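Those sequence lines, one after another, are chains X and R.
FYI, in my numbering the residues of the first sequence are 1 to 326.
FYI, in my numbering the residues of the second sequence are 327 to 652.
Note sheet for the following structure.
There are 2 protein chains.
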Amino acid sequence: VVAVLDSTRAGRTAHECVGVGGDLPVVGDLDDAHRLGAEALLVGIAPQGGELPAPFRAVVLGALERGWDVFSGLHVFLGDDPELAERARARGATLWDVRRPPVRRPVAAARAARLEIPVVLTVGSDCNVGKMTAALELRAGLERAGCRAAFVATGQTGIFVSDRGVAVDAVPADFVAGVVEDLVLEAARDADVIVVEGQGALRHPGYSGVTLALLHGAAPSALVLCHQAGRDRLRTADDRSGAAIPPLAELVREYESAAAWVRPAAVLGIALHTATLDETAARAAVAAAALQTGLPASDPVRFGVEPLVAAVLARRARGRNHATAS
Amino acid sequence: VVAVLDSTRAGRTAHECVGVGGDLPVVGDLDDAHRLGAEALLVGIAPQGGELPAPFRAVVLGALERGWDVFSGLHVFLGDDPELAERARARGATLWDVRRPPVRRPVAAARAARLEIPVVLTVGSDCNVGKMTAALELRAGLERAGCRAAFVATGQTGIFVSDRGVAVDAVPADFVAGVVEDLVLEAARDADVIVVEGQGALRHPGYSGVTLALLHGAAPSALVLCHQAGRDRLRTADDRSGAAIPPLAELVREYESAAAWVRPAAVLGIALHTATLDETAARAAVAAAALQTGLPASDPVRFGVEPLVAAVLARRARGRNHATAS
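Below is the structure:
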């Protein structure tokens, strides 16, 4: 990534605007991005409903006019827009709609439940609490510990990061679990541990179905529960319905109950997203989560993912001993 | 319906072939169906994966050639097939793919949970255990009892029966709950009670996500648990994974727990599908279900839906008294 395009904040750095991204420059138009070496455009937003905002259209057209590839994770497929598709064709540019579902229509049948290697799924108290980040950090930590760890991307950003996967929330509902099952079985061919990116939350009224399909399609043996420290209500489309998030220990029981409808799974640890807290408050939140659940806890970005890696490795060792003993 | 098309069983009646359908004749080709007055073709199968079987193609083409409308509930959309679409256009016939999802992309936010009228959802121990039939019988029974009862169809056959609804299993997963929420809110404008057709099962590894999205999108206050008497294992795509179906009382607890993640709901009764049992065994199965769960039970087709109607009306009366008292 050479630049972030935001006409309202040009001249600043990513860090100055959103607190992460370091010195990455924010530029105001495609010309400035081009001067920095850009040759592709990524539509980096995920609005509820997934439409292309009207002001973005001219920018996408401008990028295609230059022959740049355009990557999009929107629910609306840019490649289905006649004007955009024609412009891409004329300029030899590629429109990559990463949310476009696969053509195949697999129906899950708990086949991933028969894998002997650990399958770890990140689950959450809500949307946007760090499930993808925790999964990526866990994969990296497992690799540092000498494991061949596979990351299964299930959302558009995960796909941009890992260059493969399926945005399961755009798959026709009957086939979400089946697509995830396929991804996990494919990843198992060349891995010692599989880490699956979770989506949504069992208590989210809009997305709980995606969450349960992932839980039953991936059929994990282990879960990592993710939560944003300080968030006490669900973020939904309708402010009035933002129900209270229950204590973490209750969420642990709920996810383990729902997993067991297909395959028993244990929550191995808690991944907290503490970016909005100062250092002292963040450490206190991690300690409180560990105390309340009796599980290892960390903010994998801020304090390291090692406690969660250790929990997965311990589980893997127990699984092997069990396999040897039986 | 004037005839059933089945080249392997022509000359018999529907009842002789499948035990229901009375004297409806089975015919071997479109000519015979035409002689009986047919002027439309309904593709009446729902194979896993939802493709059009190759032998059906010529029949669909033949029907369109005659100018017949063709209705389909397959996951594959006949209208997207260039040859079929062209034939329909040339002959002025309509291809109606009832599973085609709506263009709108609503995200649910538990809005249906604020309805004061009862919303009743049928849920099940597995797929194909009578959830649609129980819902249709319940609606009819409530109307006989003087209620304005709405039926919300969520699957292709329910849509064929009621001429409206959405096949939610074909909707992109993010919007299943939102589509159901919209359907329920729309039905509430003109009804005293809403009966929603359920789909799948919370323990089915392939379809549990659809089930939970329906449960949280419809946000029912009451559930009817459906089960086929004698079925003891889930029917999945992979025979090896057909897990045991737990006792009904345990399923009652599971559905009530999962509902409560968004809105508390009580299972009001059990609808048993007993068609494979003789009269004595069927009555014994109904009695056993009632005894085991402490709830009213019936086979709504064989023994009448009245026990379930009475349970819904009692619940409605309690809701009203509560509203008056508070």
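Cβ atoms here follow ideal geometry from the backbone N, Cα and C, with glycine treated the same way.
What you are looking at is a predicted structure, and each value in this text was computed from that prediction instead of being measured.
Next on the checklist: Output needed for Arg426(R): all residues of its chain with C-beta closer than 6 Å, excluding positions within five of it in sequence on either side, in chain order.
Outcome noted: Against the second sequence, residue 426(R) aligns to sequence position 100. Counting only Cβ-Cβ distances below 6 Å, and skipping sequence neighbours, we find Phe403.
Item to check | Interface positions of the segment 69–81 of chain X facing chain R (Cβ-Cβ less than 9 Å), listed along the chain | outcome: His75, Val76
Item to check | Under 7 Å from the C-beta of Gln48(X): neighbouring residues of chain R | outcome: Counted from its first residue, the first sequence places residue 48(X) at position 48. Under the 7 Å cutoff, chain R gives Val433.
Checklist entry - What number of angstroms, rounded off, separates the C-alpha of Ala613(R) from the C-alpha of Ala243(X)? => result Position 287 of the second sequence, counted from the start, is the residue given in the question as residue 613(R). Position 243 of the first sequence, counted from the start, is the residue given in the question as residue 243(X). So the two alpha carbons sit approximately 39 Å from each other.
Checklist entry - Leaving out the 5 sequence neighbours to the left and right, which residues in its chain are closer than 6 Å to Val448(R) when beta-carbon positions are compared? => result In the second sequence, residue 448(R) corresponds to position 122, counting from 1. Contrary to the premise, residue 448(R) reads as Thr rather than Val in this sequence. Counting only Cβ-Cβ distances below 6 Å, and skipping sequence neighbours, we find Lys457, Ala460, Ala461, Gly524, Val550, Cys552.
Checklist entry - Any C-beta of chain R sitting closer than 7 Å to the C-beta of Gly198(X)? => result Your numbering for residue 198(X) matches position 198 in the first sequence. False, the Cβ-Cβ gap to chain R never drops below 7 Å.
Checklist entry - What residues from chain R crowd round Thr236(X), counting only those whose CB sits closer than 9 Å? => result Mapped onto the first sequence, residue 236(X) falls at position 236. Under the 9 Å cutoff, chain R gives Val433, Ala434, Ala435, Ala436.
Checklist entry - Is the beta carbon of Val70(X) sitting closer than 7 Å to the one on Ser221(X)? => result Looking up residue 70(X) in the first sequence gives position 70. Looking up residue 221(X) in the first sequence gives position 221. Pairing Val70(X) with Ser221(X) gives a Cβ-Cβ distance that is not under 7 Å.
Checklist entry - Do we get a CB-CB distance below 7 Å when we pair Gly384(X) with the residues of chain R? => result This structure gives no information on residue 384(X), because the portion of chain X shown stretches from 1 to 326.
Checklist entry - Among residues of its own chain, excluding the 5 on either side of Val248(X), which ones have a beta-carbon nearer than 7 Å to its beta-carbon? => result Taking the first residue of the first sequence as position 1, residue 248(X) is located at position 248. According to the sequence provided, residue 248(X) is Leu. The question's Val does not apply to it. Hits under 7 Å: Leu225, His227, Ile270, Ala289, Gln292, Thr293.
Item to check | Through-space distance from His542(R) to Arg474(R), alpha-carbon basis | outcome: By 1-based counting over the second sequence, the position of residue 474(R) is 148. By 1-based counting over the second sequence, the position of residue 542(R) is 216. Near 24 Å, if we compare the C-alpha coordinates of His542(R) and Arg474(R).
Checklist entry - By how many angstroms is the C-alpha of Asp423(R) removed from the C-alpha of Gly405(R)? => result Residue numbering aside, residue 405(R) sits at position 79 when the second sequence is read from its first letter. Residue numbering aside, residue 423(R) sits at position 97 when the second sequence is read from its first letter. If I take the Cα positions, the gap works out to 7 Å.
Next on the checklist: What would DSSP say about Val18(X), mapped onto helix, strand or coil?
Outcome noted: To locate residue 18(X), count along the first sequence from 1; it is residue 18. Three-state result, Val18(X): helix.
Checklist entry - By the criterion of Cβ-Cβ separation under 9 Å, what are the contact partners of Pro220(X) in chain R? => result Taking the first sequence and counting its residues from 1, the one referred to as residue 220(X) is at position 220. Neighbours of Pro220(X) on chain R: none; closest Cβ ~13 Å, over 9 Å.
Item to check | When Val301(X), Gly124(X), Glu181(X), Arg315(X) are compared against Asp232(X), the one with the closest alpha-carbon | outcome: For the purposes of this step, residue 232(X) is taken as the residue at position 232 of the first sequence. Of the listed residues, the one whose Cα sits closest to Asp232(X) is Gly124(X).
Checklist entry - What three-state label does DSSP hand Ala438(R) in the structure shown? => result Within the second sequence, the letter at position 112 stands for residue 438(R). In the structure shown, Ala438(R) sits in a helix (DSSP, three-state: H, G or I).
Next on the checklist: Let me see if you follow: with CB-CB separation under 7 Å, is Ala479(R) close to chain X or not?
Outcome noted: Position 153 of the second sequence, counted from the start, is the residue given in the question as residue 479(R). Chain X, which has no Cβ nearer than 7 Å to the Cβ of Ala479(R), makes this no.
Checklist entry - Any Cβ of chain R within less than 7 Å of the Cβ of Gly62(X)? => result Counted from its first residue, the first sequence places residue 62(X) at position 62. False, the Cβ-Cβ gap to chain R never drops below 7 Å.
Next on the checklist: Whole angstroms are fine: how far does the CA of Arg12(X) sit from the CA of Val18(X)?
Outcome noted: The sequence position of residue 18(X) within the first sequence is 18, counting from 1. The sequence position of residue 12(X) within the first sequence is 12, counting from 1. Looking at the two C-alpha atoms, the distance is approximately 11 Å.
Checklist entry - Mapping DSSP to helix, strand and coil, what is Thr602(R)? => result If you number the second sequence from 1, residue 602(R) lands on position 276. Thr602(R) falls in the coil class under three-state DSSP.
Next on the checklist: Run through chain X and tell me which residues come within less than 8 Å of Asp558(R), C-beta to C-beta.
Outcome noted: Residue numbering aside, residue 558(R) sits at position 232 when the second sequence is read from its first letter. Those do not exist, as Asp558(R) stays about 16 Å from chain X at its closest Cβ, beyond 8 Å.
Next on the checklist: Rounding to the nearest angstrom, what Cα-Cα distance links Pro300(X) and Glu306(X) in this structure?
Outcome noted: Counting from one through the first sequence, the residue named residue 300(X) turns up at place 300. Counting from one through the first sequence, the residue named residue 306(X) turns up at place 306. Using only the alpha carbons, I get a separation of about 8 Å.
Checklist entry - From what residue to what residue does the beta strand (DSSP E) around Gly450(R) run? => result Taking the second sequence and counting its residues from 1, the one referred to as residue 450(R) is at position 124. Element bounds for Gly450(R): 445–450.
Next on the checklist: Does the contact criterion of 3 or more C-beta pairs under 8 Å hold for the segment 463–479 of chain R versus the segment 179–193 of chain X?
Outcome noted: no
Item to check | Validate contact between the segment 254–262 of chain X and the segment 152–167 of chain X using beta carbons, cut 8 Å, 3 pairs | outcome: no
Item to check | Beta-bridge partners of Leu331(R), as assigned by DSSP | outcome: Position 5 of the second sequence, counting from 1, holds the residue named residue 331(R). Note: Leu331(R) sits in a beta bridge opposite Val353(R).
Item to check | Contiguous alpha helix (DSSP H) assignments of at least 4 residues, all confined to the segment 395–424 of chain R | outcome: 408–417
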